[in-house]
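S.K.: Per numbering that gives the first Met the number 0, the sequence shown starts with residue 0, numbered consecutively. All residues carry an ideal CB built from backbone N, CA and C; glycine is no exception. None of the values given here were measured: they were computed from a predicted structure.
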Amino acid sequence: MHAAPARLVLGNWKMHLDAAGAAELARAVSRYADAQNAVQVGICPPAIYIPIVKQVLTDDSTLWLGGQDCGAKPFGAYTGDISAMMLKDVGCHFVLIGHSECRANHGDKDSDIQNKILTAIYAGLHVVLCIGEHAADRKAGNWAAVLEAQLRAALPHDVRREQLSIAYEPIWAIGTGVAATEKDIAQAHELIKQQLVQILGQQPDSLPRVLYGGSVKPNNALEILSLSVVDGVLVGGASLEASSFASIIQSATQVTTASRV
Ligand code: PGA
Numbered sequence: 000m001h002a003a004p005a006r007l008v009l010g011n012w013k014m015h016l017d018a019a020g021a022a023e024l025a026r027a028v029s030r031y032a033d034a035q036n037a038v039q040v041g042i043c044p045p046a047i048y049i050p051i052v053k054q055v056l057t058d059d060s061t062l063w064l065g066g067q068d069c070g071a072k073p074f075g076a077y078t079g080d081i082s083a084m085m086l087k088d089v090g091c092h093f094v095l096i097g098h099s100e101c102r103a104n105h106g107d108k109d110s111d112i113q114n115k116i117l118t119a120i121y122a123g124l125h126v127v128l129c130i131g132e133h134a135a136d137r138k139a140g141n142w143a144a145v146l147e148a149q150l151r152a153a154l155p156h157d158v159r160r161e162q163l164s165i166a167y168e169p170i171w172a173i174g175t176g177v178a179a180t181e182k183d184i185a186q187a188h189e190l191i192k193q194q195l196v197q198i199l200g201q202q203p204d205s206l207p208r209v210l211y212g213g214s215v216k217p218n219n220a221l222e223i224l225s226l227s228v229v230d231g232v233l234v235g236g237a238s239l240e241a242s243s244f245a246s247i248i249q250s251a252t253q254v255t256t257a258s259r260v
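Here it is as structure tokens:
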């Protein structure tokens with residue numbers, strides 16, 4: 000895997016599109032991704048379309064392909080599961096683990112999430128661990144404790160920046176069209192980074208990246224990505240249209256280029 004630039008812009012297509020639509024969108028996104036080298040762009044198509052998407056990418060495309068989830072075991076009698084090794088085998092670079100929709104719909108527990116992380120790292124995939132609090136936790140002032148518990152339960156101790164990123168996705172902001180405020184994002188990311196220093200015992204500059212996800216759109220991406228504690232974004236709805244995803248990639252490129260001068 001080539002060394003990733005600092006910021007990540009990842010699209011999560013969830014259970015959307017058909018085969019032809021996935022191929023077309025991937026072709027368009029790869030054009031935007033390959034036309035710049037300031038940010039690392041990735042997409043997570045529905046697993047069944049990954050080989051179709053892979054086929055439309057050029058051999059030297061820089062676009063990362065990702066799975067939306069993986070099994071907790073490397074192989075075996077687990078009907079319906081797809082293992083991290085299988086994702087790697089069909090050309091994936093990374094996998095989302097612990098997305099709130101998987102936690103809610105498939106009943107993923109912290110121990111499952113930790114096992115998934117370990118198998119994915121073993122398979123050579125970059126892991127994007129998704130964490131986030133419910134609206135009730137935020138209202139009750141418990142958000143920090145929830146994030147801390149999710150991190151402590153899932154993180155292996157000897158993980159490196161190249162192997163793992165964190166996506167902070169407040170559940171109340173996902174798919175609602177209302178992103179968290181800049182203040183909320185900054186506070187949560189600062190807390191996550193402090194926790195990473197404690198749990199991993201690493202220096203701040205070698206820590207895993209911390210991405211924000213939850214209603215990232217072309218009209219708020221620049222402000223969110225401009226926060227110094229935000230190392231990228233995980234985008235759902237707005238990644239399903241080439242033009243809106245391209246605009247978010249453009250914001251990340253702008254922020255990265257500005258911070259270099
Ligand atoms: P959204 O989804 O951008 O549609 O809110 C984000 C996600 O679930 O990763």
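#1: Apply the 10 Å Cβ neighbour rule to residue 98 and answer buried if 16 or more other Cβ atoms are within range, or exposed otherwise.
#2: Which first and last residues belong to the alpha helix (DSSP H) in which residue 142 is found?
#3: Check each candidate in 139, 119, 141 and name the one with the smallest Cα separation from residue 155.
#4: Report the residue from 123, 125, 126, 142 whose alpha carbon sits nearest the alpha carbon of residue 132.
#5: Below 9 Å between beta carbons: does that hold for residue 32 and residue 60?
#6: Exposed or buried, which one is residue 86 when buried takes at least 16 other CB atoms within 10 Å?
#7: Quick one: is the Cβ of residue 173 within less than 8 Å of any heavy atom of ligand 1?
#8: Closer than 8 Å to a non-hydrogen atom of ligand 1 - does that hold for the CB of residue 238?
#9: Would you say the beta carbon of residue 98 is closer than 8 Å to some non-hydrogen atom of ligand 1?
#10: Smallest Cα separation from residue 202: which of 67, 15, 159, 89?
#11: Can you check whether the CB of residue 194 is closer than 9 Å to the CB of residue 150?
#12: Less than 8 Å separating the Cβ of residue 115 from some heavy atom of ligand 1?
#13: Taking the alpha carbon of residue 128 as the point to measure from, which residue in 139, 199, 153 has its own alpha carbon closest?
#14: Just verifying my parser: in three-state terms, what is the DSSP assignment at residue 208?
#15: What is the DSSP secondary structure of residue 82, reduced to helix, strand or coil?
#16: Which value, in whole angstroms, describes the spacing of the CA atoms of residue 55 and residue 23?
#17: Use the C-beta contact count for residue 257: other C-beta atoms within 10 angstroms, 16 or more gives buried, fewer gives exposed.
#18: List the endpoints of the continuous alpha helix (DSSP H) containing residue 104.
#19: Between residue 164 and ligand 1, is there a pair consisting of the residue's CB and a ligand heavy atom that are separated by less than 8 Å?
#20: Count the other C-beta atoms from every protein chain shown that fall within 10 angstroms of the C-beta of residue 110, then say buried if there are 16 or more, exposed otherwise.
#21: List the DSSP bridge partners of residue 233.
#22: Would residue 231 pass as a contact of residue 224 if the rule is Cβ separation under 9 Å?
M.R.: Reading from the atomic positions:
#1: Within 10 angstroms of the beta-carbon of residue 98 lie 16 or more other beta-carbons, which makes it buried.
#2: Counting along the chain, the alpha helix (DSSP H) containing residue 142 begins and ends at 142-153.
#3: Answer by Cα proximity: 119.
#4: Closest option to residue 132, Cα to Cα, is 142.
#5: Yes. Within cutoff.
#6: Burial call: buried.
#7: Yes, the Cβ of residue 173 comes within 8 Å of a heavy atom of ligand 1.
#8: Residue 238 Cβ: within cutoff of ligand 1.
#9: Yes, the Cβ of residue 98 comes within 8 Å of a heavy atom of ligand 1.
#10: Measuring from the Cα of residue 202, the nearest candidate turns out to be 159.
#11: Yes, the Cβ-Cβ distance between residue 150 and residue 194 is below 9 Å.
#12: No; taking the cut-off as 8 Å, the Cβ of residue 115 has no heavy atom of ligand 1 nearer than that.
#13: For the residues 139, 199, 153, the minimum Cα distance to residue 128 belongs to 153.
#14: In this structure, residue 208 counts as strand in the three-state DSSP scheme.
#15: Coil, per DSSP.
#16: Distance between the alpha carbons of residue 55 and residue 23 is about 8 Å.
#17: With fewer than 16 other Cβ atoms within 10 Å, it is exposed.
#18: Taken as a continuous stretch (DSSP letters only), the alpha helix (DSSP H) holding residue 104 covers 99-105.
#19: Residue 164 Cβ: outside cutoff for every heavy atom of ligand 1.
#20: Residue 110 counts as exposed, since fewer than 16 other C-beta atoms from the protein chains shown sit within 10 angstroms of its C-beta.
#21: Per DSSP, 9, 212.
#22: Yes. Within cutoff.
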